[in-house]
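Numbering (our numbering), first residue to last: 587 to 822.
Below: the structure, in structure tokens.
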Amino acid sequence: MPTARDALLDAALTAVALLPWSAVRMVDVASAAGVSRQTLYNEFGSKEGLARALARREADVFLRGVERVLARPAPPERNVAAVAEWTVAEAGARPLLRALLTGCWGERLPAPRPARAGARASAVPAQRRADAGVPSPTDLLGQARDRVATALVAGGGGWGENAERALRCCEVVMRLALSYVVAPGTTVAAGAVPANAAARDQWAEPESWRPITPTITSVIETIFKVDTMSPRKTMP
587 MPTARDALLD AALTAVALLP WSAVRMVDVA SAAGVSRQTL YNEFGSKEGL ARALARREAD
647 VFLRGVERVL ARPAPPERNV AAVAEWTVAE AGARPLLRAL LTGCWGERLP APRPARAGAR
707 ASAVPAQRRA DAGVPSPTDL LGQARDRVAT ALVAGGGGWG ENAERALRCC EVVMRLALSY
767 VVAPGTTVAA GAVPANAAAR DQWAEPESWR PITPTITSVI ETIFKVDTMS PRKTMP
């Protein structure tokens, strides 16, 4: 059973799918979650605190999804390509994730503002973490890249000999994925994962994922092939 905090975050995410954030009322979020408005304020402190918590959770869910993709029983290079494919599909289906990755929030989304200087720290540990700030697009992409590079090095195949080279390749892969998030191609597949807030952690099984486009997978495979074959072990 979800906690009151999760129920409130789910209700807020559902509300923002229907209304611009400025029109979302705290009393309606509390009512939809089946708790009192006081409970909502106890958890988040304010509407801005709720916005920070929404963004923080979305970032965490994204990183857990990256880890799940990387855990597939497949060659590590293929899993790296799968992370890129999955990232683009997820960002296409989840506006909040897309905003986190690009920094483009727009009017409808709850752009998280930093907690006020000198504000009293929340008594709720999860809210203190959210109030500390959500990752910037560079930070979030870097956290995903680091997870991908770690999995690549651990997968063997010669990558363990040069972690720096693996990190460099994974940086290129994640930035390639981000380019499709910023400017989607005409053949981007629909997101494999439902955007319903209640199903936020129910990722599609690997066999149901569809590539963004044959081009991106081919480019990623070429990146690895060129880097592996290069006698200088550097990207061209």
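Think of the CB as a built atom: it goes at the ideal place given N, C-alpha and C, for glycine as much as any other residue.
Spatial neighbours of residue i in its chain, beta-carbon cut-off 7 Å, leaving aside the 5 residues before and after
{"i": "Arg591", "result": "Glu629, Ala712"}
{"i": "Pro543", "result": "Beyond the ends of the chain as shown, which are 587 and 822, falls residue 543; an answer cannot be given."}
{"i": "Glu653", "result": "Arg733"}
{"i": "Pro681", "result": "Leu695"}
{"i": "Arg786", "result": "Reliability of the predicted coordinates at Arg786 is poor, the pLDDT of 40 falling under 50, and the value obtained from them is presented with this limitation in mind. These residues qualify, in order along the chain: Val647."}
{"i": "Val768", "result": "Thr688"}
{"i": "Arg677", "result": "In the sequence on display, residue 677 carries Ala and not Arg. Around Ala677: Leu683, Arg684, Leu687, Val767."}
{"i": "Pro770", "result": "Gly678"}
{"i": "Ser823", "result": "Because the chain is modelled from 587 through 822, residue 823 falls outside the range shown and cannot be assessed."}
Per-residue DSSP class, three states only, for residue i
{"i": "Gly719", "result": "coil"}
{"i": "Cys755", "result": "helix"}
{"i": "Pro780", "result": "In this predicted model, Pro780 has a pLDDT of only 42, less than 50, meaning its place in the structure is not dependable; the value taken from the coordinates is given anyway. Three-state result, Pro780: coil."}
{"i": "Arg654", "result": "helix"}
{"i": "Glu634", "result": "helix"}
{"i": "Leu695", "result": "coil"}
{"i": "Ala675", "result": "helix"}
{"i": "Gly746", "result": "helix"}
{"i": "Met587", "result": "coil"}
{"i": "Ala597", "result": "helix"}
{"i": "Pro659", "result": "coil"}
{"i": "Ala740", "result": "helix"}
{"i": "Arg702", "result": "coil"}
{"i": "Leu605", "result": "coil"}
{"i": "Val666", "result": "helix"}
Inter-residue CB distance, residue i and residue j (contact presumed, cutoff 8 Å)
{"i": "Pro698", "j": "Val720", "result": "5 Å"}
{"i": "Leu595", "j": "Ala639", "result": "6 Å"}
{"i": "Val739", "j": "Ala749", "result": "5 Å"}
{"i": "Ala763", "j": "Ala670", "result": "4 Å"}
{"i": "Leu636", "j": "Ala598", "result": "6 Å"}
{"i": "Val734", "j": "Val674", "result": "14 Å between Cβ atoms; not a contact."}
{"i": "Val610", "j": "Val602", "result": "6 Å"}
Contact set for residue i: own chain, Cβ-Cβ below 8 Å, skip 5 residues either direction
{"i": "Leu686", "result": "Ala641, Glu644, Ala645, Phe648, Val720, Pro721, Pro723, Leu726"}
{"i": "Glu807", "result": "Glu663, Ala667"}
Residue closest to residue i, alpha-carbon to alpha-carbon, out of the options
{"i": "Trp672", "options": "Glu807, Tyr766, Thr808", "result": "Tyr766"}
{"i": "Phe810", "options": "Thr600, Arg664, Arg714, Gly689", "result": "Arg664"}
{"i": "Arg706", "options": "Arg751, Gly631, Arg733, Gly678", "result": "Gly631"}
{"i": "Asp717", "options": "Val805, Val602, Glu634, Ile806", "result": "Glu634"}
{"i": "Val805", "options": "Ala769, Val768, Arg761", "result": "Arg761"}
{"i": "Leu626", "options": "Gly651, Met587, Ser708", "result": "Ser708"}
{"i": "Pro588", "options": "Val621, Leu604, Ser608", "result": "Val621"}
{"i": "Arg702", "options": "Trp691, Glu693, Arg714", "result": "Arg714"}
{"i": "Val758", "options": "Thr600, Gly728, Glu693, Ala677", "result": "Gly728"}
{"i": "Trp607", "options": "Thr803, Glu693, Gln624", "result": "Glu693"}
Cβ neighbours of residue i in the same chain (closer than 6 Å, five flanking residues each side left out)
{"i": "Ala593", "result": "Ala619"}
{"i": "Trp745", "result": "Leu738, Val739, Ala752"}
Residue i beta carbon near the ligand FAD (any heavy atom closer than 7 Å)
{"i": "Pro659", "result": "By its list of ligands, the structure shown contains no ligand whatsoever, and the ligand FAD lies outside what it can speak to."}
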